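Going down the list, the protein sequences come from chains A and B. Position 467 of the first sequence, counting from 1, maps to 467 under my numbering, and the rest follow consecutively. Numbers given in my numbering equal positions in the second sequence, counted from 1, plus 493. Note that CB positions come from ideal geometry on N, CA and C, so glycine has one too. This structure is a prediction, so every number in the text was calculated from the model and none was measured.
Protein chains: 2
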Amino acid sequence: MPPALAPDALRLSLRRHGRVPLYHQIATGLRERIESGDLPAGTRLPAERELARAVGVNRSTVVAAYDELEAEGLVDCRPGRGTVVSAGRAPGPGPDWARRLGSAADRWELPLLAEIQDALAAPHLIPLAHGEPGPDLWPRDALDRLLRGASLARVPMGYPEPHGYPELREALARRLRGRGITAGPESIVLVNGSQQGFHLITQTLLSPGDAVAVERPSYLGTLRLFDGSGIRTVPVPVGPEGIDLDHLAASLQPGVRALFTIPTCHSPTGTTLPEPGRQRLVSLAARRRLLVVEDDPFTDLVLDGPAPRSLKAFDTAGSVLTLGTLSKTAAPALRVGWIVAPAPVADVLARTRLQFDLGGGILSEWVAARWLASGGYDEHLAWLRQPLARRRAAMLEALGRWLGGMATWVGPAGGYHVWCRLEVRASSLAVFRAAVRQGVAVVPGAVYRFEPGAPHVRLSFCRAAPGEIAEGVRRLRRAVDRLASRSAVAARR
Amino acid sequence: MPPALAPDALRLSLRRHGRVPLYHQIATGLRERIESGDLPAGTRLPAERELARAVGVNRSTVVAAYDELEAEGLVDCRPGRGTVVSAGRAPGPGPDWARRLGSAADRWELPLLAEIQDALAAPHLIPLAHGEPGPDLWPRDALDRLLRGASLARVPMGYPEPHGYPELREALARRLRGRGITAGPESIVLVNGSQQGFHLITQTLLSPGDAVAVERPSYLGTLRLFDGSGIRTVPVPVGPEGIDLDHLAASLQPGVRALFTIPTCHSPTGTTLPEPGRQRLVSLAARRRLLVVEDDPFTDLVLDGPAPRSLKAFDTAGSVLTLGTLSKTAAPALRVGWIVAPAPVADVLARTRLQFDLGGGILSEWVAARWLASGGYDEHLAWLRQPLARRRAAMLEALGRWLGGMATWVGPAGGYHVWCRLEVRASSLAVFRAAVRQGVAVVPGAVYRFEPGAPHVRLSFCRAAPGEIAEGVRRLRRAVDRLASRSAVAARR
């Protein structure tokens, strides 16, 4: 059975002081959408109580509206199934949407995420769950200046080149050279954010039934792609200095074809693999014919000393694909990411990408190219690191103050996240819900399918201001206290 | 065996008047790329003759460079296999790229396309093969004005909403209402061009083993997606007034789950399905529970009278998904497209899209929203129809003059294309090659897997100026004459 529509998907706008009764306005709005096929047969309308709350009417008003539609044969109200658009008026039953959408939802969805998303959107919660900074750190002014001074006169506006806008690839190649990576523009494929890169790699270089080694916990976006693509994951634990290489070496059975790893300011754990470990990882991969996919969104946001060199800088066997992005350093909405790969691999990825969407948008790629080439991007980075350093300091100070002795964490070299193990008998989901009740949003370890002996949460310092961060951690402490006293009560019973 | 690299992928830049011998410069350039893993073990270097021609040296210079690299153990030169990067120096053999890339290439590639692409890029050929206008018709000035007067101050720069930028969806909803489509912003999913829409639909609403009905000939991008996704196609012929509905009705065996169709200014045939046929098609689909995917890139470029209403305007069962794009009316590089779907279907498509690339670039969606809302897009359309009408007239006049009696075609109501059946004993590929020899590029029917009794070609009037179009058709006539006399000679023998 498909889920009921959310009330706001109906977009009912009611005139409260007009002559038309509210129930009739609701019925009219729904009738139009049902008769146009926009709400096809089988669509479950919102529950009466929910819709009433959402549009601010009594439940009886919604009941009257649904009754009117039922009398017309447009919907069926069945106990236990709710109110469903009927097939009565249509010239035929139409596509079997319930079945088609049900299987798509099974394939791609994790129900837990909806609950987290709600917490992210709630304005009254202190935001320690976000994976992105807020408007105060977006480079809107810098981009405005670029756009105002620019002209598209020399910019190609036809179908994109398979690898993406050459000037951006050239600017990236120069930049990567400074980071120990030798790669010409022909070894770079621009993508619509790293997520598209993972999708491309998964679809092109892996096959259903393959296994990939991946940190546990790890970035959710890749885990869900593997699920959707029939790819098995072999989890590798993460220590204070990144992925556990002994464990990795031991877990490379023959079916394991790739390693997906975030060696710098790992999400969610915040850990960074030092350079000797990188050398060892790359040598191991070369000997074992392993493809290494390095997800590297945070290198430019390392706050302590120079960032370690990319895995690709140690790669002489062509084992490593490195993915970078402007999403964490500038703004996710730009959707500018890139894959650095051996040239023949880049070629296949670029051509596959044409099947997916015929290439990326020139406006983003062109603005990014100008920003990088002009030095403006580096200026922005230098500026951005300052608030991030202040926020990280606030987070670590608050953790010491409020959770010292009740939690363990590793101070991250940069990035956005601190990973926190809490000493309380509760699931991470229970911690998440208790924290929301106290007015702070965190990401529970359950999202990453990580539930060892104690609950873990990811705390982000990218979005909230220092004072808010301190208050958020204080609220988290309160949530932990509540859970602890509840479990003490349960133990006494 | 993977294909050899193209010479320009090596990006060798030689100093012709320096002290370093050319063969040594070539060896140095390659050595650096091999040692960095950018040309991994197993990569086939370009053939000596090809590389020599591409960089403008004697073949013996390339031989000397390859010899130097072979002496160092960096490459192996084997008869019949060419020169291949060896695994000698690497710490391990690295990923088995040859096998991995070979299967990816099998999955996604059609070799014929490379030959067509070369013809599209050749500056000396009159361009009657393009699927996009050239720079003279791009709206660069209009977009420049929009960008200069704009500010990102109120534009969201975080991770995109699943359905895409709300203001663009609202502008599209208003526009679609004028075309007989009742759909709110929540029934619209923005995509990175229609191709991404097809990919999403294929991956979400269809499964491997399903069959889809599709016009023969039809748009190549969807045919290749079906191939890559294990979806069978059931071809339906196209008559002078679009898809043959009797044939469609007869071909709907139970396994056929969807119809992909281009009812307006169809590519490649240029035909348009009249409104009574649309009504019949949609009723048939509703009765047979068929999902209809309407690819509608040319509606705004109908030149004769008002465009027929979208299939979706006739849809009361929620059977139809309509895809639109700015690629044909503005510029492909914007990558702005949209899917209109029943609201619950739009919801699943939007959430699936997050798996693919986390959403579209805000700069394109924001510029498009402003352009549509300001009326600037409609002004551009009114202007664009004029050169297209002149070019269509030039094409039809030239066809009558040079190919009357030797070919048949249907005058298109608009769009970009005329589909031409040639009365000559030759394959469409032979016609294509003969045309290229005469200095004109056309698209052979073979690309669309359409090879009935006589050769067909797609002639585009979107790119070349009227005079060029006339000359291009004259050259096509010359190509046909050559083929005819050759086949007459063969017949006499």
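- request: Give a yes or no on whether 8 Å exceeds the smallest Cβ distance from arginine 780(B) to chain A.
  value: For arginine 780(B), the answer is yes, since a Cβ of chain A falls inside 8 Å of its Cβ.
field: Residue of Pro649(B), Val648(B), Leu505(B) and Asp634(B) minimising C-alpha distance to methionine 157(A)
entry: Nearest C-alpha to methionine 157(A): Asp634(B).
query: Hey, would you say the C-beta of alanine 939(B) is under 7 Å away from at least one heavy atom of the ligand COA?
result: As far as ligands go, the structure on display features none, and thus does not contain the ligand COA.
- request: Output yes or no for whether 8 Å exceeds the beta carbon distance between arginine 53(A) and valine 84(A).
  value: Their beta carbons are not under 8 Å apart, which means arginine 53(A) does not touch valine 84(A) by this criterion.
query: What distance in whole Å lies between the Cβ atoms of histidine 617(B) and glycine 953(B), which are believed to be in contact at a cut-off of 8 Å?
result: The question names glycine, yet the displayed sequence has serine at residue 953(B). About 18 Å separates the CB atoms of serine 953(B) and histidine 617(B); that is not less than 8 Å, and the two are not in contact.
- request: Would you be able to state if there are at least three C-beta pairs under 8 Å between the segment 242-256 of chain A and the segment 546-563 of chain B?
  value: They do not touch, by the three-pair rule.
query: Relative to the alpha-carbon of tyrosine 516(B), which residue among Arg782(B), Pro678(B) and Ala557(B) has its alpha-carbon at the smallest distance?
result: When each option's Cα is compared against that of tyrosine 516(B), the closest is Ala557(B).
task: Sort Tyr159(A), Leu225(A), Val457(A) and Pro160(A) by Cα distance to tryptophan 409(A) and report the nearest one.
output: Among Tyr159(A), Leu225(A), Val457(A) and Pro160(A), the Cα nearest to that of tryptophan 409(A) is on Val457(A).
message: Taking its Cβ as the centre, do 16 or more other Cβ atoms sit within 10 Å of glutamine 355(A), making it buried, or is it exposed?
response: With 16 or more other Cβ atoms within 10 Å, it is buried.
task: Determine the closest residue to alanine 434(A) out of Leu483(A), Leu5(A) and Ala47(A), with distance taken between C-alpha atoms.
output: Closest by alpha carbon: Leu483(A).
- prompt: Does the separation of the CB atoms of serine 364(A) and leucine 334(A) fall below 8 Å?
  reply: Cβ distance < 8 Å, so serine 364(A) and leucine 334(A) count as in contact.
query: Excluding the five sequence neighbours on either side, which residues of its own chain have a C-beta within less than 6 Å of the C-beta of arginine 309(A), listed in chain order?
result: The answer, listed in chain order, is Gly180.
- request: Using three-state DSSP, classify tryptophan 864(B) as helix, strand or coil.
  value: Looking at tryptophan 864(B) - three-state DSSP - the assignment turns out to be helix.
- request: Leaving out five residues on either side along the sequence, give the residues of the same chain with a beta carbon under 7 Å from the beta carbon of glycine 932(B).
  value: These residues qualify, in order along the chain: His617, Leu618, Ile619 and Arg968.
field: beta strand (DSSP E) segments (min. 3 residues) lying fully within the segment 872-932 of chain B
entry: Those beta strand (DSSP E) runs which fall completely within the segment 872-932 of chain B and span 3+ residues are 900-902 and 910-915.
message: Runs of 4 residues minimum, wholly inside the segment 34-90 of chain A: which ones carry the alpha helix (DSSP H) assignment?
response: Taking only runs of at least 4 residues, the alpha helix (DSSP H) segments lying wholly in the segment 34-90 of chain A are 48-55 and 59-71.
task: Could you tell me whether the Cβ atoms of valine 682(B) and leucine 842(B) are closer together than 8 Å?
output: Yes, these two residues count as a Cβ contact at 8 Å.
- prompt: Between aspartate 315(A) and the rest of its own chain, which residues show a CB-CB distance below 6 Å, the 5 nearest in sequence each way excluded?
  reply: The beta carbon of aspartate 315(A) sits closer than 6 Å to those of Val282, all from its chain and outside the five residues before and after it, given in chain order.
- request: List the DSSP bridge partners of proline 456(A).
  value: Correcting the residue identity first, residue 456(A) is histidine in this sequence and not proline. In DSSP, histidine 456(A) forms a bridge with Arg421(A).
field: Cβ neighbours of proline 835(B) in the same chain (closer than 6 Å, five flanking residues each side left out)
entry: The residues Gly811, in chain order, have a CB closer than 6 Å to that of proline 835(B) in the same chain once the five nearest residues on each side in sequence are set aside.
- prompt: Between aspartate 611(B) and chain A, is there a C-beta pair that is closer than 8 Å?
  reply: No, its Cβ sits nowhere closer than 8 Å to a Cβ of chain A.
- prompt: Within 8 Å (strictly less), CB to CB, does glutamine 196(A) reach chain B?
  reply: Yes, glutamine 196(A) counts as interfacial toward chain B.
message: Short of 6 Å in beta carbon distance, which residues of its chain neighbour valine 336(A), apart from the five on each side in sequence? Order them along the chain.
response: So the qualifying residues of the chain are Leu326, Ser364 and Ala368.
task: Determine, using beta-carbon pairs with one atom in the segment 884-904 of chain B and one in the segment 914-924 of chain B, whether at least three such pairs fall under 8 Å.
output: Touching, yes.
query: Which chain B residues are close to arginine 224(A), counting only those with a beta carbon under 7 Å from its beta carbon?
result: Chain B residues near arginine 224(A): Gln848.
query: Taking only beta-carbon atoms, is isoleucine 855(B) less than 8 Å away from chain A?
result: Cβ-Cβ to chain A under 8 Å: yes for isoleucine 855(B).
message: So, with DSSP's three-state summary, where would you put aspartate 788(B)?
response: Strand.
- prompt: Exposed or buried, which one is tryptophan 366(A) when buried takes at least 16 other CB atoms within 10 Å?
  reply: Buried, since its Cβ has 16 or more Cβ neighbours within 10 Å.
- request: Using beta-carbon positions only, say whether glycine 854(B) and glycine 361(A) come within less than 8 Å of one another.
  value: Taking 8 Å as the Cβ cut-off, glycine 854(B) and glycine 361(A) qualify as a contacting pair.
query: Counting contacts by CB-CB distance shorter than 8 Å, is proline 93(A) in contact with chain D?
result: In the displayed structure, chain D is absent; the protein chains listed are A and B.
task: Evaluate contact between the segment 204-224 of chain A and the segment 169-177 of chain A, counting only Cβ atoms and requiring at least three cross-stretch pairs below 8 Å.
output: With the cut-off at 8 Å, the segment 204-224 of chain A and the segment 169-177 of chain A do not touch.
task: Identify whether glycine 436(B) lies in helix, strand or coil by the three-state DSSP scheme.
output: A question about residue 436(B) goes unanswered here, because the residues of chain B that appear run from 494 up to 986.
query: Helix, strand or coil: which one does DSSP assign to arginine 492(A)?
result: Note: arginine 492(A) maps to helix in three-state DSSP.
- prompt: Is DSSP giving isoleucine 201(A) helix, strand or coil here?
  reply: Helix, per DSSP.
- request: Step through the CB atoms of chain A and report whether any lies within less than 8 Å of the CB of alanine 977(B).
  value: No, its Cβ sits nowhere closer than 8 Å to a Cβ of chain A.
query: If you measure from the beta carbon of alanine 47(A) to each beta carbon in chain B, is any gap under 8 Å?
result: Cβ-Cβ to chain B under 8 Å: no for alanine 47(A).
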